[in-house]
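Novice:
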Amino acid sequence: MTVQEIFEIIKEKFNQEQFELKPNIGGEILIVPAKILRELCFFLRDDERLSFDTLMNLSGVDLADGEKKKLEDGTIEIVGGHLATVYHLYSMKHNHKLTLKVLLPRENPVVPSIERVWRAADWHEREAYDMFGIIFEGHHNLKRILLPDDWEGYPLRKDYKVQEFYQGMKVPY
Amino acid sequence: MIPDKLAEFFGVNFLGYLIAAALPLFLWILPYALYAVYAERKISAFMQDRIGPNRVGPKGLFQTIADILKLIQKEDIVPSSADKPLFIAAPYVIFTGTFAAFAALPFSSIYIGSNINLGVFYILAISSFSVVGILMAGWAGNNKYSLYGAMRSVAQIVSYEVPALLAIVSAVMVIGTLNLNEISEMQTARFWNWWIFGGPLQGIQKFLLIIPMIIAFIIFFIASLAEVNRTPFDIPEAESELVAGFHTEYTGMKFAMFFLAEYGNMFVVSAISVSIFFGGWQSPFGYLGNSLGISWLVPFEQVFWFLFKGSFLVLIQMWLRWTLPRLRVDQLMTVCWKYLTPYAFVNLVLIGIITLI
Amino acid sequence: MAELKTDQIVLNMGPQHPSTHGVLRLEVVLDGEVVVDVTPHIGYLHRCFEKHAEAMTYPQVIPYTDRMDYLSSMYNNFGYVEAVERLMNIEVPERVKYIRVIMGELQRIANHLVAVGTFGIDIGAFTPFLYCFRDRERILDLFEMTCGARLLYNYMWVGGVSHDLPPNFIPKAKEFLKDFKKSIKELNDLLSYNKIFIERTANIGILPADTAINYGCSGPVLRGSGVEWDLRKNDPYSIYDRFEWEVVTGKGEMGTVGDCWDRYMVRVREMEQSCRIVEQALEQIPDGDVTSAIPKRVKPPAGEIYFRVESPKGELGYHIISDGSLNPFRVKVRAPSFVNLQILPVISRGYLVADIIANLGSLDIVLGEIDR
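Line by line, the protein sequences give chains D, B and Z. Every number in this note's numbering is 2 more than the matching position in the first sequence, counting from 1. Every number in this note's numbering is 16 more than the matching position in the second sequence, counting from 1. Every number in this note's numbering is 4 more than the matching position in the third sequence, counting from 1.
(1) State the DSSP-derived secondary structure class of T43/Z, mapped to helix, strand or coil.
(2) If we call anything under 9 Å between Cβ atoms a contact, is Y79/Z one with R51/Z?
(3) Could you tell me whether the Cβ of V357/Z comes closer than 9 Å to any Cβ of chain B?
(4) Looking at chain B, which residues of the segment 141 to 153 of chain Z have a Cβ within less than 7 Å of any of its Cβ atoms?
(5) Could you have a look at P171/Z and say whether DSSP puts it in helix, strand or coil?
(6) Would you kindly work out how many angstroms separate the C-alpha atoms of G152/Z and S61/D, rounded to a whole number?
(7) Who does N209/B pair with in a DSSP beta bridge?
(8) Determine whether the Cβ of M5/Z lies closer than 9 Å to any Cβ atom of chain B.
(9) Give the secondary structure of F283/B by DSSP, where H, G and I count as helix, E and B as strand, and everything else as coil.
(10) Any residues in the segment 141 to 162 of chain B with a beta carbon nearer than 7 Å to a beta carbon of chain Z? Which ones, in chain order?
(11) Which residues does DSSP pair with A86/D in a beta bridge?
(12) Note the first and the last residue of the continuous beta strand (DSSP E) segment covering H323/Z.
(13) Within 10 angstroms of its Cβ, does H142/D collect 16 or more other Cβ (buried), or is it exposed?
(14) Residues of chain Z with CB closer than 9 Å to the CB of T267/B, please, in chain order.
(15) Report yes if the CB atom of V302/Z is closer than 9 Å to the CB atom of M92/Z, and no otherwise.
(16) Alpha carbon to alpha carbon, how far is V39/Z from L32/D? Give it in angstroms, no decimals.
(17) Using the beta-carbon count (16 or more within 10 Å), is W312/B buried or exposed?
(18) What residue from S222/Z, S166/Z and S242/Z has the CA that sits closest to V294/Z's CA?
(19) Step through the CB atoms of chain E and report whether any lies within less than 9 Å of the CB of A122/D.
(20) Under 9 Å, do M4/Z and E257/Z count as touching if we go by C-beta distance?
(21) G28/D touches chain Z at which residues, Cβ-Cβ below 8 Å?
(22) With distances taken Cα to Cα, identify the nearest neighbour of S242/Z among S229/Z, A285/Z, V225/Z and I200/Z.
(23) Give the single residue among D145/Z, I200/Z, F201/Z and P19/Z whose Cα lies nearest to the Cα of I174/Z.
(24) Would you identify the three-state DSSP class for H98/D, choosing helix, strand or coil?
(25) So is D239/Z in contact with chain D if we call contact Cβ pairs under 9 Å?
(26) Rounding to the nearest angstrom, what Cα-Cα distance links M63/B and T215/Z in this structure?
(27) Less than 7 Å between C-beta atoms, sequence neighbours within five positions excluded: which residues of the same chain meet that for A376/B?
(28) Tell me which residues share the same chain as L181/Z and place their Cβ nearer than 7 Å to its Cβ, disregarding the 5 neighbours each side in the sequence.
(29) In chain order, what residues of the segment 182 to 205 of chain Z put their CB closer than 7 Å to some CB of chain B?
(30) Under the rule that 16 or more other beta-carbon atoms within 10 Å means buried, what is K103/D, buried or exposed?
(31) Return the chain-ordered list of same chain residues with a C-beta closer than 6 Å to the C-beta of S60/B, the five sequence neighbours on each side being excluded.
(32) Could you give the first and the last residue of the continuous beta strand (DSSP E) run that contains G307/Z?
(33) What in chain B is Cβ-close to F130/Z, meaning under 7 Å?
(34) Can you list the residues of chain Z that M63/B reaches, using a CB-CB cut of under 7 Å?
(35) Of the residues S329/Z, L155/Z, N81/Z and I202/Z, which one's Cα is nearest the Cα of V313/Z?
(36) For G76/D and Q277/Z, I'd like the C-alpha separation in whole angstroms.
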């Protein structure tokens with residue numbers, strides 16, 4: 003099924019104004035609002051015509067589309083704008099793909115966790131939290147995974163500044 | 017017998033017998049332990065398509081000496097939270113348990129360290145003395161891994177003594193004596209008089225005994241592999257699971273003692289098998305000294321045959337180590353209690369019936 | 005008399021351990037010898053690959069992709085360059101396609117040899133490891149002949165490959181494949197059908213198929229549970245449809261479907277299938293220039309793509325977002341071992357401590373790509 007047809011099936015159940023289908027080289031992306039994400043994912047997994055049984059990938063992205071303010075020490079701080087989470091879904095039964103994207107406000111990036119829909123999302127969400135600071139609501143164990151538990155800051159954000167000292171050791175060299 | 021001659025020489029019985037019992041230690045065990053380690057490394061290398069030690073000395077023959085020198089000069093670390101008296105005593109307990117067994121082994125017809133009438137019983141009893149040492153080592157290290165290794169090792173050794181003893185008892189029933197020297201003397205003339213081929217009996221009894229004796233030997237061999245913690249029963253030292261098992265916390269010379277004790281133990285169990293089943297110090301086909309008329313050559317030949325057969329079984333143990341994977345703890349216990357022990361019982365009954373014929 | 009209360013102990017299989025395949029910390033809660041829970045802690049090898057990728061140009065990222073799954077570097081390169089080529093809509097010459105498949109499948113054999121050998125060591129069989137590495141040396145010799153490196157190649161570039169095959173590559177590769185079939189038979193005789201090995205691995209770490217799919221497992225882990233799923237056939241890329249080969253699944257021959265023995269056997273049989281592919285590719289390879297399609301500057305148009313390949317460990321995915329400049333805006337790597345490791349607690353509960361090691365060995369993880 004193409005993305006257009008999948009979108010038609012989704013529109014049957016959900017209000018279509020909240021979505022946006024963006025064209026893209028690697029396949030169209032469906033931009034969805036955060037609040038209906040978990041319901042939408044359950045629908046995508048359980049509906050017979052769609053049956054998306056695997057989550058291939060879950061990435062966090064820093065879109066860096068806010069206002070870039072220059073600080074005294076030469077570094078940049080981004081205010082406003084969005085972070086995003088991108089979900090790549092795949093159906094082994096019907097052999098079709100779908101890409102979902104959720105835009106989150108930079109100052110308060112909260113999105114429902116889809117860990118209970120596909121258990122594969124567990125560590126992916128922890129990594130997105132670790133690297134970007136995106137809070138996944140409803141995740142059973144949202145702790146840092148790659149960095150030490152007491153690290154400060156979210157490294158993959160575009161305006162990340164490395165902390166001076168970590169447990170008494172000087173960090174930048 | 018040499019011990020008696022030594023006693024006469026010294027005038028004091030005690031000194032003579034002491035030296036007689038200690039002689040194997042210096043003349044055989046130390047060189048054997050050194051070269052058993054070397055042989056194991058070379059054999060494993062050839063089986064794994066590598067070369068093995070070949071730098072230190074011609075063909076790497078002095079490798080173990082270099083290793084011992086290195087271990088002697090290493091810092092002897094005793095962890096601060098370890099139980100000091102137990103920690104220091106453990107290697108010596110294990111060492112003693114192993115080497116005390118050498119006193120009763122019949123090296124030749126004129127030399128046996130201690131000619132006691134309970135030879136077999138004594139050796140098997142003193143070998144289990146090492147269990148106490150292993151438990152001490154595991155506990156004193158104050159380390160979860162060591163404790164796990166020690167507990168597994170104790171469970172394994174204690175369990176496998178049952179089939180081992182049953183196998184020996186079934187053989188002893190036919191033989192009639194526990195004195196290792198007499199057992200070896202019984203298996204005279206050619207190799208078909210060895211107990212594994214039915215012994216020096218006449219008639220139908222001998223042929224009926226062949227298969228039960230072979231089974232008894234196999235059961236004893238497998239059980240003895242477990243006694244010395246060799247693969248496939250080397251769970252206590254399983255490197256990939258518990259780092260190094262019960263000797264995790266040991267360094268330097270104490271570690272070397274564990275090692276030497278293991279190789280000594282391997283030889284002791286091989287020597288018991290050889291004495292009981294394979295003719296002890298008897299040659300398989302007559303003595304060169306006898307045919308040439310040089311009578312003092314015969315005892316030396318006997319020593320040679322004893323050491324050769326014992327080393328051959330040690331070689332087989334090494335071969336198995338590098339071929340088979342290791343068994344898990346519960347599978348190990350299953351093999352012992354569900355397979356070896358029942359078979360050993362059945363074998364015992366079978367041999368008992370045959371002796372009555 | 006009151007029942008004897010036993011405590012649960014927490015055992016730490018720390019970052020340095022002879023058999024955790026790298027720096028992985030496993031926190032194991034034990035009740036005697038029975039495992040109650042296992043929690044993997046990762047991050048000890050985190051080298052900030054994704055942050056680096058944003059500061060470099062597209063071709064400069066390729067050596068960094070080598071170092072993620074350092075045992076199958078060719079396939080990491082393969083996935084990345086194919087993803088960028090799709091973004092830029094570049095069509096590579098036929099010879100390049102064949103070379104990439106040959107190198108990829110040889111890399112698959114090399115990777116599975118390490119996996120099988122180290123699995124043997126974890127179980128206690130020391131000798132098959134050295135036999136596997138002897139064969140792996142010959143593959144690494146082939147790679148060294150072509151691009152000069154034995155482990156981290158930087159071989160596949162955007163639009164082509166860095167060096168063409170040297171003249172004696174094809175005869176030497178054919179000779180290797182002939183000898184390798186005997187080696188697989190030797191390995192089967194020594195390890196696969198050994199009774200003790202089967203006792204240690206059959207009926208251990210059973211992974212049901214629907215759990216595997218829900219947790220996102222892929223590669224031999226998924227195929228060992230009986231799911232016939234291989235990206236080279238089900239979501240095809242490159243020229244795999246020109247060759248005749250089969251997808252290997254676990255059938256529960258020695259125990260239940262989805263146990264450690266099945267996963268191990270899937271790897272051994274996949275090596276045989278890879279031999280078939282390489283043989284056919286060596287016959288069909290055309291002539292051509294391998295560097296003709298390499299662009300002077302790699303500047304993909306704005307957009308994003310998620311592209312996945314069947315690396316030896318599973319589904320390796322690259323999510324690349326480009327903003328039209330010379331540097332990638334975001335590169336996210338979906339590493340197969342990262343997702344496969346999540347299944348370790350699920351398959352280890354209720355078994356013994358020794359089985360955790362067997363399970364971990366059968367999952368075949370590499371910390372380089374888990375932590376990136």
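Heads up, the beta-carbon is just placed ideally off N, CA and C, and yes, glycines get one too. The structure presented is a predicted model; accordingly, all values stated were derived computationally and were not measured.
Specialist: Considering the structure as presented:
(1) By one-based count along the third sequence, residue 43/Z stands at place 39. The answer is strand: DSSP assigns T43/Z an E or B state.
(2) Working through the third sequence from its first residue, we reach residue 79/Z at position 75. Working through the third sequence from its first residue, we reach residue 51/Z at position 47. No, the Cβ-Cβ distance between Y79/Z and R51/Z is not below 9 Å.
(3) For the purposes of this step, residue 357/Z is taken as the residue at position 353 of the third sequence. Chain B contact via Cβ: present.
(4) Those would be none; no residue qualifies.
(5) Here the question's residue 171/Z lines up with position 167 in the third sequence. In this structure, P171/Z counts as coil in the three-state DSSP scheme.
(6) Your numbering for residue 152/Z matches position 148 in the third sequence. Your numbering for residue 61/D matches position 59 in the first sequence. Rounded to whole angstroms, the separation of the alpha carbons of S61/D and G152/Z is 35 Å.
(7) If you number the second sequence from 1, residue 209/B lands on position 193. For N209/B, which the question treats as bridged, DSSP gives no partner whatsoever.
(8) Translated into positions along the third sequence, residue 5/Z becomes position 1. Caution applies to M5/Z, whose pLDDT of 47 falls short of 50 and renders its modelled position unreliable; the value that the coordinates give is listed next. For M5/Z, the answer is no, since every Cβ of chain B falls outside 9 Å of its Cβ.
(9) Here the question's residue 283/B lines up with position 267 in the second sequence. Three-state result, F283/B: helix.
(10) If the cut-off is 7 Å between Cβ atoms, the segment 141 to 162 of chain B has K160 near chain Z.
(11) The count along the first sequence starts at 1 and reaches residue 86/D at position 84. A86/D is bridged to V63/D and L105/D.
(12) Here residue 323/Z is taken as the residue at index 319 of the third sequence, counted from 1. Counting along the chain, the beta strand (DSSP E) containing H323/Z begins and ends at G318 to S326.
(13) Position 140 of the first sequence, counting from 1, holds the residue named residue 142/D. Around the C-beta of H142/D, fewer than 16 other C-beta atoms lie within 10 Å, and the residue is accordingly described as exposed.
(14) Taking the second sequence and counting its residues from 1, the one referred to as residue 267/B is at position 251. Within 9 Å Cβ-Cβ: nothing; T267/B doesn't reach chain Z, min ~17 Å.
(15) Position 298 of the third sequence, counting from 1, holds the residue named residue 302/Z. Position 88 of the third sequence, counting from 1, holds the residue named residue 92/Z. Yes. Within cutoff.
(16) The residue given as residue 32/D occupies position 30 in the first sequence. The residue given as residue 39/Z occupies position 35 in the third sequence. Straight-line Cα distance between these residues: approximately 43 Å.
(17) Numbered from 1 along the second sequence, position 296 holds the residue referred to as residue 312/B. The residue in question, W312/B, is exposed, as its Cβ has fewer than 16 Cβ neighbours within 10 Å.
(18) Numbered from its first residue, the third sequence carries residue 294/Z at position 290. Here the closest residue by C-alpha is S166/Z.
(19) The structure shown contains no chain E; its protein chains are D, B and Z.
(20) In the structure as shown, chain Z begins at 5 and stops at 376. Residue 4/Z is therefore absent and cannot be evaluated.
(21) Here the question's residue 28/D lines up with position 26 in the first sequence. Residues of chain Z passing the Cβ test: R90, L91, G307, E308, I309, Y310 and F311.
(22) Within the third sequence, the letter at position 238 stands for residue 242/Z. Cα-wise, what sits closest to S242/Z is A285/Z.
(23) Within the third sequence, numbered from 1, the residue matching residue 174/Z stands at position 170. Cα-wise, what sits closest to I174/Z is D145/Z.
(24) If you number the first sequence from 1, residue 98/D lands on position 96. In the structure shown, the three-state DSSP call for H98/D is strand.
(25) Sequence index remark: in the third sequence, residue 239/Z carries index 235 (1-based). It does; some Cβ of chain D falls within 9 Å.
(26) Here the question's residue 63/B lines up with position 47 in the second sequence. Here the question's residue 215/Z lines up with position 211 in the third sequence. Looking at the two C-alpha atoms, the distance is approximately 42 Å.
(27) Nothing can be reported for residue 376/B: it is not among the residues displayed for chain B, which extend from 17 to 373.
(28) Along the third sequence, read from residue 1 onward, the residue named residue 181/Z stands at position 177. So the qualifying residues of the chain are C279, V282 and E283.
(29) Listed in sequence order: N198, I200, F201, E203 and R204.
(30) Walking along the first sequence from the start, residue 103/D turns up at place 101. Residue environment for K103/D: buried (at least 16 other C-beta atoms within 10 angstroms of its C-beta).
(31) What you label residue 60/B is simply residue 44 of the second sequence in a count that begins at 1. Annotation for S60/B: W338 place their beta carbon closer than 6 Å to its own, counting only its chain and skipping 5 residues before and after.
(32) Translated into the one-based positions of the third sequence, residue 307/Z becomes position 303. Boundaries of the beta strand (DSSP E) harbouring G307/Z: G307 to S315, taken from the DSSP string.
(33) Walking along the third sequence from the start, residue 130/Z turns up at place 126. Neighbours of F130/Z on chain B, chain order: W338.
(34) By one-based count along the second sequence, residue 63/B stands at place 47. Against chain Z, the beta carbon of M63/B has neighbours under 7 Å at T131, listed in chain order.
(35) Indexing the third sequence from 1 puts residue 313/Z at position 309. Out of S329/Z, L155/Z, N81/Z and I202/Z, N81/Z has the C-alpha closest to the C-alpha of V313/Z.
(36) Here the question's residue 76/D lines up with position 74 in the first sequence. Here the question's residue 277/Z lines up with position 273 in the third sequence. About 57 Å.
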